[in-house]
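Trainee: Here UniProt numbering is used: the first residue of the sequence shown is 1, the next is one more, and so on.
Note that the Cβ used here is the ideal one computed from N, Cα and C, for glycine as well.
Take this structure, written in structure tokens, and hold onto it; I'll ask about it next.
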Amino acid sequence: MRPILLSGHERALTQIKYVPPSEGRRELEQLLACLRSKLLNFFQLLPAATLPYNLDGDLLFSVSKDQAICAWFAHNGERLGTYNGHVGAIWTVDVDPTSSMIASGSADNTIRLWNVKTGKCLKVWEFPTAVKRVEFNEDGTKLLGVTEKRMGYLSNIITFDINPDVDAEQTDERSLTIVCDESKATVAGWSALTKYIIACHEDGSVSQYDAKSGDLLVNYPIHELNQPIADMQWAADRSYFITAGKDKSAKLISARDLEVLKNYPADTPINSATITRKKDFVILGGGQAAMDVTTTSARQGKFEARFYHKIFEDEVGRVRGHFGPLNTVAADPTGRSYASGAEDGYVRIHHFDKGYFDFSYEVERERANRLQQ
Numbered sequence: 001m002r003p004i005l006l007s008g009h010e011r012a013l014t015q016i017k018y019v020p021p022s023e024g025r026r027e028l029e030q031l032l033a034c035l036r037s038k039l040l041n042f043f044q045l046l047p048a049a050t051l052p053y054n055l056d057g058d059l060l061f062s063v064s065k066d067q068a069i070c071a072w073f074a075h076n077g078e079r080l081g082t083y084n085g086h087v088g089a090i091w092t093v094d095v096d097p098t099s100s101m102i103a104s105g106s107a108d109n110t111i112r113l114w115n116v117k118t119g120k121c122l123k124v125w126e127f128p129t130a131v132k133r134v135e136f137n138e139d140g141t142k143l144l145g146v147t148e149k150r151m152g153y154l155s156n157i158i159t160f161d162i163n164p165d166v167d168a169e170q171t172d173e174r175s176l177t178i179v180c181d182e183s184k185a186t187v188a189g190w191s192a193l194t195k196y197i198i199a200c201h202e203d204g205s206v207s208q209y210d211a212k213s214g215d216l217l218v219n220y221p222i223h224e225l226n227q228p229i230a231d232m233q234w235a236a237d238r239s240y241f242i243t244a245g246k247d248k249s250a251k252l253i254s255a256r257d258l259e260v261l262k263n264y265p266a267d268t269p270i271n272s273a274t275i276t277r278k279k280d281f282v283i284l285g286g287g288q289a290a291m292d293v294t295t296t297s298a299r300q301g302k303f304e305a306r307f308y309h310k311i312f313e314d315e316v317g318r319v320r321g322h323f324g325p326l327n328t329v330a331a332d333p334t335g336r337s338y339a340s341g342a343e344d345g346y347v348r349i350h351h352f353d354k355g356y357f358d359f360s361y362e363v364e365r366e367r368a369n370r371l372q373q
């Protein structure tokens with residue numbers, strides 16, 4: 001599983017994300033052709049930092065603290081270009097289901113909406129504090145943002161209605177504002193059918209809000225008290241999600257009632273976690289705090305991607321390579337690879353080899369044999 005190393009961001013990665021799969025291979029090929037021609041002409045080429053994948057997992061976008069969003073081919077690491085406009089560290093990026101628009105959130109206190117094909121900035125929403133997470137809902141008609149708690153301002157979860165037409169004027173009006181007056185929200189996202197907004201908090205709790213009214217439905221302590229949740233990522237159907245906590249664990253949680261389904265303990269703080277397709281695995285990324293890295297070797301710092309069996313909760317393997325704590329991991333929507341980004345400024349794309357797909361527990365092999373009979 002030799003990685004493709006993407007070097008180019010000048011500062012630490014903050015988030016990597018694959019674009020969800022869609023139907024229509026012809027539409028994808030047209031998009032790729034357009035991206036290749038347009039991006040190379042319109043953008044200043046730079047190395048990558050944080051990556052999201054496109055429709056079939058063969059494009060990915062990356063953001064880091066160096067103020068640029070990068071676009072890449074995921075299968076070979078070829079750089080397409082960058083989206084320039086932010087004037088602060090970029091904390092988050094997400095891609096709509098059609099791969100026609102991307103949204104980004106930054107320390108310059110803005111959310112920006114971009115045309116994927118041309119690189120044009122379509123809309124800028126301004127806030128009093130930094131934006132730590134953005135996410136489109138399933139059909140790309142709504143956009144969510146999470147703002148930081150700073151300078152007397154409380155953390156807010158805000159949503160906007162999005163017109164899927166890239167040529168249309170986007171609204172300035174918020175469709176919903178949720179004020180987090182207890183513990184600030186660190187990350188948030190949309191559940192299946194845009195029924196709930198799920199938010200993770202600095203105190204280790206998880207909240208479920210009504211996506212229409214913004215009412216708080218439930219709030220449960222999931223991770224250890226006052227141990228922040230650094231990341232959450234959805235399963236393919238958005239019926240459950242995985243959280244990554246500074247309490248050295250990741251948890252699989254039902255979106256319907258916030259029941260903890262599985263627990264994945266580690267021996268180091270976890271910064272990011274993702275759920276793989278095709279195989280029942282989850283991938284955890286973390287390591288020793290960045291401020292202590294200069295006095296620590298890579299092995300002692302535990303800068304590894306850790307693979308756990310999603311059902312049995314066993315750790316089945318680790319992948320080394322980064323020289324700093326992993327800040328973000330993302331699984332290819334097609335199940336063929338995963339990407340990781342770290343404090344060292346590199347993105348590493350790992351394409352799974354045959355051994356990965358052949359690996360299974362005896363009980364899994366027995367079940368497969370019964371189904372074939």
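Along the chain, where does the alpha helix (DSSP H) that runs through Lys354 open and close?
Mentor: Here residue 354 refers to the residue found at position 354 of the sequence shown. Element bounds for Lys354: Lys354 to Asp358.
Trainee: Suppose you measure from the CA of Val166 to the CA of Arg112; what does that come to, to the nearest Å?
Mentor: Here residue 166 corresponds to residue number 166 of the sequence shown, with the count starting at 1. Here residue 112 corresponds to residue number 112 of the sequence shown, with the count starting at 1. Answer to the nearest angstrom: the Cα atoms are 13 angstroms apart.
Trainee: Would Ser340 and Gly286 qualify as a contact pair, given that the criterion is a beta-carbon distance under 8 angstroms?
Mentor: As a position in the sequence shown, residue 340 is number 340, starting the count at 1. As a position in the sequence shown, residue 286 is number 286, starting the count at 1. Contact flag unset, no.
Trainee: What does DSSP give as the partner residues of residue 381 in its beta bridges?
Mentor: No statement about residue 381 is possible, as the shown extent of the chain runs from 1 to 373 and does not include it.
Trainee: Which two residues bound the contiguous beta strand (DSSP E) that contains Val87?
Mentor: The count along the sequence shown starts at 1 and reaches residue 87 at position 87. Val87 -> no beta strand (DSSP E), and no H or E assigned at all.
Trainee: Hey, would you say the C-beta of Phe73 is under 7 angstroms away from at least one heavy atom of the ligand MN?
Mentor: What this structure holds is no ligand at all, so the ligand MN is not there to describe.
Trainee: Rank Glu202, Asn219, Thr268 and Ala236 by C-alpha distance to the C-alpha of Val260 and give the top, closest one.
Mentor: Position 260 of the sequence shown holds residue 260. The option with the nearest alpha carbon to Val260 is Asn219.
Trainee: With a threshold of 8 angstroms, are at least 3 pairs of Cβ atoms found where one atom belongs to the segment 8-15 and the other to the segment 55-68?
Mentor: Because the criterion of three Cβ pairs below 8 angstroms is met, the segment 8-15 and the segment 55-68 touch.
Trainee: Considering just the uninterrupted stretch of the alpha helix (DSSP H) at Leu371, what are its terminal residues?
Mentor: In the sequence shown, counting from the first residue as 1, residue 371 sits at position 371. Looking at the DSSP string, the run of the alpha helix (DSSP H) that includes Leu371 is Glu362 to Gln372.
Trainee: Would you mind reading off the limits of the beta strand (DSSP E) that contains Gln170?
Mentor: Along the sequence shown, read from residue 1 onward, the residue named residue 170 stands at position 170. No beta strand (DSSP E) contains Gln170, which DSSP labels as neither H nor E.
Trainee: May I ask you to report which of helix, strand or coil DSSP gives Leu193?
Mentor: Along the sequence shown, one-based indexing puts residue 193 at 193. In this structure, Leu193 counts as helix in the three-state DSSP scheme.
Trainee: Is it buried or exposed, residue 408, if we count other Cβ atoms within 10 angstroms and call 16 or more buried?
Mentor: This structure cannot settle anything about residue 408, because the visible part of the chain is limited to 1 through 373.
Trainee: With a threshold of 16 other CB atoms inside 10 Å of the CB of Ser239, please say whether the residue is buried or exposed.
Mentor: Here residue 239 corresponds to residue number 239 of the sequence shown, with the count starting at 1. Ser239 should be labelled exposed.
Trainee: Beta-carbon within less than 6 angstroms of Lys149's beta-carbon, same chain only, minus the 5 sequence neighbours each way: which residues are those?
Mentor: As a position in the sequence shown, residue 149 is number 149, starting the count at 1. Counting only Cβ-Cβ distances below 6 angstroms, and skipping sequence neighbours, we find Ser155 and Lys184.
Trainee: Taking buried to mean at least 16 other C-beta atoms within 10 Å of its own C-beta, is Arg336 buried or exposed?
Mentor: Along the sequence shown, one-based indexing puts residue 336 at 336. Its Cβ being crowded by 16 or more others within 10 Å, Arg336 is buried.
Trainee: Assuming Thr243 and Cys200 make a contact with CB atoms under 8 angstroms, what is their CB distance in whole Å?
Mentor: Here the question's residue 243 lines up with position 243 in the sequence shown. Here the question's residue 200 lines up with position 200 in the sequence shown. Between Cys200 and Thr243 the Cβ distance is about 6 angstroms, and since that is below 8 angstroms, they are a contact.
Trainee: From Lys117 to Arg256, what does the alpha carbon distance come to, in whole angstroms?
Mentor: Residue 117 sits at position 117 when you count from the first residue of the sequence shown. Residue 256 sits at position 256 when you count from the first residue of the sequence shown. Going by the C-alpha atoms only, they are around 36 angstroms apart.
Trainee: Excluding the five sequence neighbours on either side, which residues of its own chain have a C-beta within less than 7 angstroms of the C-beta of Leu5, listed in chain order?
Mentor: Counting from 1 along the sequence shown, the entry for residue 5 is found at position 5. Excluding positions up to five away in sequence, the list reads Tyr346 and Arg348.
Trainee: Considering only their Cβ atoms, is the gap separating Glu138 from Thr194 smaller than 8 angstroms?
Mentor: Along the sequence shown, read from residue 1 onward, the residue named residue 194 stands at position 194. Along the sequence shown, read from residue 1 onward, the residue named residue 138 stands at position 138. Cβ distance < 8 angstroms, so Thr194 and Glu138 count as in contact.
Trainee: So, using beta-carbon positions, are Ala74 and Asp94 closer together than 8 angstroms?
Mentor: Within the sequence shown, numbered from 1, the residue matching residue 74 stands at position 74. Within the sequence shown, numbered from 1, the residue matching residue 94 stands at position 94. No, they are not a contact pair.
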